[in-house]
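Please read the structure below before turning to the comments.
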Amino acid sequence: MIRFVVALCLSCMLFSSIPSADGHDYYPLTEGSSWLYRDVYDTGDAKLIKYWIDKTKSGISTEPVQIREMKLDSDDLPATHWFDHDEWGDIIIDGITLPGGIYFEWDFHWILLPKDLYVGKIWTNRDEVSDPKNAVRKVNNIHDCRIVSMGETVSTDSGEFTNCVKVTVSSINSDGEIWREVSSYYAKGIGLVLYITSGSLVKEKRRELIEYVIK
1 MIRFVVALCL SCMLFSSIPS ADGHDYYPLT EGSSWLYRDV YDTGDAKLIK YWIDKTKSGI
61 STEPVQIREM KLDSDDLPAT HWFDHDEWGD IIIDGITLPG GIYFEWDFHW ILLPKDLYVG
121 KIWTNRDEVS DPKNAVRKVN NIHDCRIVSM GETVSTDSGE FTNCVKVTVS SINSDGEIWR
181 EVSSYYAKGI GLVLYITSGS LVKEKRRELI EYVIK
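Using our numbering, read the sequence shown as starting at 1 and increasing by one per residue.
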């Protein structure tokens with residue numbers, strides 16, 4: 001019994017000493033904020049893509065934040081990503097409205113960043129979305145996410161960012177094969193500053209922040 005109590009106390013001390021942070025501080029969803037990125041592919045192609053917030057809210061409600069996306073070197077109309085907070089305070093993506101007004105809603109909330117950030121934190125996202133007629137499109141991909149560091153330094157054209165949170169994602173298909181690996185870096189008060197993808201079925205891509213405005 002004494003050994004159990006000692007072990008329990010040591011376990012509590014260990015977990016209480018793990019550095020943690022609030023995920024909201026690493027992706028500010030404030031109206032008027034914007035981010036400009038440069039996507040560079042392994043083929044040498046480069047594209048500019050801009051995200052900006054049209055509408056925001058405070059707290060949990062039925063009205064998500066609208067984050068607009070536009071490829072600046074394309075004639076495509078903007079897409080809209082619908083961000084929200086779940087009942088645990090995690091930052092989630094509810095769905096996406098594609099150019100032309102086609103809306104897809106995630107049946108399984110896609111967690112972008114959990115509220116509680118600490119090294120070793122893991123969560124899983126799944127590809128399972130519905131169209132407006134509720135016809136489910138199952139892609140059968142599982143995305144295993146993990147926070148591997150909270151002390152990364154990232155340099156981009158927009159500056160040097162220290163103590164960034166690094167999140168890795170392994171995308172696994174229905175055959176159990178890892179077909180994509182992603183590393184994302186988030187800076188406190190700024191959001192995503194660097195995003196790197198590689199894998200057997202995707203183009204290798206490096207997305208880095210080149211300009212930003214945080215309101």
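Just so you know, even glycine gets a beta-carbon here, dropped at the ideal spot from N, CA and C.
Residues of the same chain with a CB within less than 6 Å of the CB of Arg180, apart from the 5 flanking positions on each side, are Ser171, Gly199 and Val202 in chain order.
Shown here, Asp127 sits in a strand according to DSSP, grouped into three states. For Lys71, the uninterrupted beta strand (DSSP E) run begins and ends at Val65 to Lys71, by DSSP. If you check the CB distance, Thr156 and Glu208 come in under 8 Å. Assigned with DSSP and collapsed to three states, Asp94 falls in strand. For the set Asp22, Val169 and Tyr186, the Cα lying nearest the Cα of Glu160 is the one of Tyr186.
Taking C-beta separations shorter than 6 Å and ignoring five residues to either side along the sequence, the partners of Trp52 in its chain run Ser34 and Arg68, following chain order. Assigned with DSSP and collapsed to three states, Asp25 falls in helix.
For Lys166, the enclosing beta strand (DSSP E) starts and ends at Gly159 to Ile172. According to DSSP, residue pairing for Trp35 in a beta bridge involves Tyr51 and Tyr212.
Setting aside the 5 residues that flank it on each side, Val193 is surrounded in the same chain by Val154, Thr156, Ser158, Phe161, Cys164, Tyr185, Tyr186, Ala187, Glu208 and Leu209, each with a C-beta closer than 8 Å to its C-beta; the list follows chain order. A Cβ-Cβ contact shorter than 8 Å links Ile91 with Leu112. About 7 Å separates the Cβ atoms of Tyr26 and Gly191, confirming a contact at the 8 Å cut-off. A direct Cα-to-Cα measurement between Tyr103 and Thr80 gives close to 9 Å.
In the same chain as Leu117, and ignoring 5 residues on each side of it, the C-beta atoms closer than 8 Å to its own belong to Ser20, Ala21, Asp22, Gly23, Tyr26, Ile147, Met150 and Val165, in chain order.
Across the structure, Asp39 and Ile178 are spaced so that their CA atoms are roughly 23 Å apart. Collapsing the DSSP output to three states places Gly151 in a strand.
As the crow flies, the alpha-carbon of Tyr41 is around 6 Å from that of Arg206. Taken through DSSP and simplified to helix, strand or coil, Leu201 comes out as coil.
For Asp144 against Val119, the beta-carbon gap comes to about 16 Å, at or over 8 Å, which does not count as contact. Rounded to whole angstroms, Ile93 and Val182 show a C-alpha spacing of 17 Å. DSSP places Ser20 outside both helix and strand once states are collapsed to three, so it counts as coil. Contact between Ile214 and Thr30 holds: their C-beta atoms lie close to 7 Å from each other, under 8 Å.
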